[in-house]
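Residue numbers (this note's numbering): 6 to 162.
The beta-carbon is built from N, C-alpha and C at its ideal position, and this holds for glycine as well.
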C-alpha cells in the first residue's frame, strides 16, 4: 500500500522562513482583506465619524485574526507532536473564493491516545489536489484545542 513517508523530526522543527512568510503574508487573505478594508475606511481630508471608527476597527480585527491564525499554524508545524493520520476527503472549498479561485480542502483524521480526531486544512497550492482519500499521512498537533491545532506534515501552503 501507500507509504506514510519519513516521520517529522523531533520538535522544535525547522520551518523555512520563506514558508513562514508565505503563510503570514502572501497566502494570508484575511490579512490582505483587513489591510485593504482598514485603508479604504480612513477618512482622507474629511472628519472621522463613528462609522469610520467601526469599520477601521473591524479591518484591524480581521488583520489580527489572520496573523493569529497563521502564527498558530506555524507553531503547530514547529512544536507539534507527530501522529499517524489518514486523509478522508480532498475537495475544492467553494465556500471561499479569492480572485475566482477556491482553496483545496483536505479533511483528515489522526489518533491521539486511542481517540480519533478529525480536522481539515485549506491549501492554495494546486499540488494539494494530488492527495487522495485513505492516503496515510503524518499529522503534527498541539495537545490543547485539537480542532484548530493540527496540520499535515510535510506542510502545505
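Start and end residues, beta strand (DSSP E) containing residue 88 | 86-97
Give me the Cα-Cα distance between residue 76 and residue 26, rounded to the nearest whole angstrom.
-> 10 Å
How should residue 53 be labelled, buried or exposed, when 16 other C-beta atoms within 10 angstroms of its C-beta is the threshold for buried?
-> exposed
Please report how far the alpha carbon of residue 86 lies from the alpha carbon of residue 92, in whole angstroms.
-> 18 Å
What are the partner residues of residue 34, as DSSP defines its beta bridges?
-> Paired residue(s): none; residue 34 is not in a bridge.
Nearest neighbour of residue 129, chosen from 34, 20, 18 and 149 [CA to CA] | 34
Residue 24 lies in the alpha helix (DSSP H); which residues open and close that run?
-> 22-26
Pair within 8 Å by beta-carbon distance, residue 72 and residue 43 | no
With a cut-off of 8 Å, do at least 3 Cβ pairs link the stretch 126-145 to the stretch 6-18?
-> yes
Distance, Cα to Cα, residue 114 vs residue 15?
-> Looking at the two C-alpha atoms, the distance is approximately 21 Å.
Per DSSP, what kind of secondary structure is residue 78 in: helix, strand or coil?
-> helix
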